[in-house]
Amino acid sequence: KQEVTQIPAALSVPEGENLVLNCSFTDSAIYNLQWFRQDPGKGLTSLLLIQSSQREQTSGRLNASLDKSSGRSTLYIAASQPGDSATYLCAVTVSNAGNMLTFGGGTRLMVKP
Amino acid sequence: DAGITQSPRHKVTETGTPVTLRCHQTENHRYMYWYRQDPGHGLRLIHYSYGVKDTDKGEVSDGYSVSRSKTEDFLLTLESATSSQTSVYFCAISEYAEAWVTEAFFGQGTRLTVV
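As you go down the protein sequences, you meet chains R and B in turn. In this note's numbering, each number is its position in the first sequence, counted from 1, plus 8. In this note's numbering, each number is its position in the second sequence, counted from 1, plus 9.
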């Protein structure tokens with residue numbers, strides 16, 4: 009059974025700092041990995057999708073990398089801002105039978121002004 | 010934003026009553042999902058659908074049923090609500106962008122309280 013772990017569970021940083029969020033998964037036979045953002049009381053917003061054949065994806069100040077063989081992904085946030093405060097979730101797709109996502113527990117990020 | 014609408018957004022119901030949550034999409038995506046989100050457990054899959062009238066169970070399907078009579082609608086029914094089903098329920102959709110690649114999009118969630 010695929011298990012996804014995110015470390016740290018919570019992170020507080022001053023504004024402007026570059027930071028890295030970690031995601032690990034136990035079964036390397038994945039199709040995709042997605043990073044999401046969730047604001048309190050809201051739904052999930054897709055940030056980045058990495059195909060299993062890719063090593064990284066970039067969107068603005070966000071960069072996600074994938075090392076499938078070691079079962080790891082990182083989300084790099086450059087020059088963090090208070091508006092980046094949210095919970096960040098990673099999820100993997102392990103089968104194309106239903107393309108279901110298995111989620112990590114998330115990292116709650118607070119960026120202080 | 011992906012066109013996903015969940016209704017109702019909030020509901021309080023009594024133990025033992027049936028409850029139906031609705032997910033409506035305007036994206037014509039083939040796959041639809043129901044997840045629940047609970048503190049300490051994260052997001053867990055309840056049921057999913059891979060086409061009209063084609064559904065299957067997820068990790069936490071006991072006490073829930075689903076139906077999909079049209080591409081755009083996916084209903085989640087709690088047959089007899091229990092306090093353990095108090096949760097936030099999310100609908101998601103996905104479709105193949107290219108071979109083997111799907112991207113999932115989520116609705117805003119339904120907060121259900123069973124008293």
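Ideal Cβ positions, reconstructed from N, Cα and C, are used throughout, including at glycine. Just so we're clear, the structure is a prediction, and the values are computed from it rather than from any experiment.
Handout entry: Per-residue contacts from S54(R) into chain B (C-beta, under 9 Å)
Key = Against the first sequence, residue 54(R) aligns to sequence position 46. Per Cβ cutoff of 9 Å: A11, E112, A113, F114, F115.
Exercise for the section: Please classify M118(R): is it buried, with 16 or more other beta-carbons within 10 angstroms of its beta-carbon, or exposed? Expected result: In the first sequence, residue 118(R) corresponds to position 110, counting from 1. Burial check for M118(R): the Cβ neighbour count within 10 Å stays below 16, so the residue is exposed.
Handout entry: Any chain R beta carbon closer than 8 Å to Y73(B)
Key = Walking along the second sequence from the start, residue 73(B) turns up at place 64. Among the residues facing chain R, Y73(B) is not included, as its CB has no counterpart in that chain under 8 Å away.
Practice task
Determine whether the Cβ of F33(R) lies closer than 8 Å to any Cβ atom of chain B.
Solution key: As a first step, residue 33(R) is located in the first sequence; it is residue number 25 there, counting from the start. Not closer than 8 Å to any Cβ of chain B, the Cβ of F33(R) fails to qualify, so no.
Exercise for the section: Alpha carbon to alpha carbon, how far is T14(B) from E112(B)? Give it in angstroms, no decimals. Expected result: Translated into positions along the second sequence, residue 112(B) becomes position 103. Translated into positions along the second sequence, residue 14(B) becomes position 5. Distance between the alpha carbons of E112(B) and T14(B): 18 Å.
Practice task
Check distances from the C-beta atoms of the region 79 to 93 of chain R to those of chain B and list, in chain order, the residues that come in under 9 Å.
Solution key: Listed by position, the residues of the region 79 to 93 of chain R near chain B (Cβ gap below 9 Å) amount to none.
Practice task
With DSSP collapsed to three states, give me the class of P90(R).
Solution key: Looking up residue 90(R) in the first sequence gives position 82. P90(R): helix per DSSP, three-state reduction.
Handout entry: Residues bridged to K62(B) [DSSP beta-bridge criterion]
Key = Indexing the second sequence from 1 puts residue 62(B) at position 53. The partner list for K62(B) (beta bridge, DSSP) is empty, contrary to what the question assumes.
Practice task
Step through the CB atoms of chain R and report whether any lies within less than 8 Å of the CB of Y42(B).
Solution key: On the second sequence, residue 42(B) is found 33 positions in, with the first residue counted as 1. So yes, Y42(B) belongs to the interface.
Handout entry: Bounding residues of the beta strand (DSSP E) (the contiguous stretch that carries N40(R))
Key = On the first sequence, position 32 is the one that residue 40(R) refers to. Per DSSP, N40(R) is one residue of the beta strand (DSSP E) stretching across 40 to 46.
Exercise for the section: Tell me, please, whether the region 76 to 85 of chain R touches the region 22 to 30 of chain R by the rule of three or more beta-carbon pairs shorter than 8 Å. Expected result: Touching, yes, given that three or more Cβ pairs across the two stretches are closer than 8 Å.
Problem - Cα-Cα separation between L52(B) and D71(B), rounded to whole angstroms - result: In the second sequence, counting from the first residue as 1, residue 52(B) sits at position 43. In the second sequence, counting from the first residue as 1, residue 71(B) sits at position 62. For L52(B) and D71(B), the distance between alpha carbons rounds to 16 Å.
Practice task
Compare the C-beta of D47(B) with all C-beta atoms of chain R and state if any pair is closer than 8 Å.
Solution key: In the second sequence, residue 47(B) corresponds to position 38, counting from 1. Chain R has no Cβ within less than 8 Å of the Cβ of D47(B).
Handout entry: S70(B) - DSSP class collapsed to helix/strand/coil
Key = Taking the first residue of the second sequence as position 1, residue 70(B) is located at position 61. Residue state, collapsed to three classes: coil.
Problem - Check whether R31(B) and G60(B) have beta carbons under 8 Å apart - result: Taking the first residue of the second sequence as position 1, residue 31(B) is located at position 22. Taking the first residue of the second sequence as position 1, residue 60(B) is located at position 51. It is not a contact, given that the beta carbons lie outside the stated cut-off.
Problem - K76(R) and S54(R) closer than 8 Å at C-beta - result: The residue given as residue 76(R) occupies position 68 in the first sequence. The residue given as residue 54(R) occupies position 46 in the first sequence. No, the Cβ-Cβ distance between K76(R) and S54(R) is not below 8 Å.
Practice task
Tell me whether S36(R) sits in a helix, a strand or coil according to DSSP, three-state version.
Solution key: Residue mapping note: residue 36(R) aligns to position 28 of the first sequence, counting from 1. The answer is coil: DSSP assigns S36(R) none of H, G, I, E or B.
Problem - Given 8 Å, three or more beta-carbon pairs between the region 85 to 93 of chain B and the region 17 to 35 of chain B - result: Taking 8 Å as the limit for Cβ pairs, the verdict is that the region 17 to 35 of chain B does touch the region 85 to 93 of chain B.
Problem - chain R residues whose Cβ lies nearer than 8 Å to that of G67(B) - result: Within the second sequence, residue 67(B) is the residue found at index 58, counting from 1. Neighbours of G67(B) on chain R, chain order: M108.
Practice task
Determine the extent of the beta strand (DSSP E) in which M153(R) is found, giving its start and end residues.
Solution key: With chain R running from 9 to 121 in the structure shown, residue 153(R) is simply not present.
Practice task
Please say whether F99(B) and S58(B) have beta carbons closer to each other than 8 Å?
Solution key: What you label residue 58(B) is simply residue 49 of the second sequence in a count that begins at 1. What you label residue 99(B) is simply residue 90 of the second sequence in a count that begins at 1. No; because the gap between Cβ atoms is not below 8 Å, this pair is not in contact.
Practice task
Could you check which residue in V75(B), S16(B), V21(B) has the C-alpha nearest to that of V123(B)?
Solution key: Residue 123(B) sits at position 114 when you count from the first residue of the second sequence. Of V75(B), S16(B), V21(B), the residue nearest in Cα terms is V21(B).
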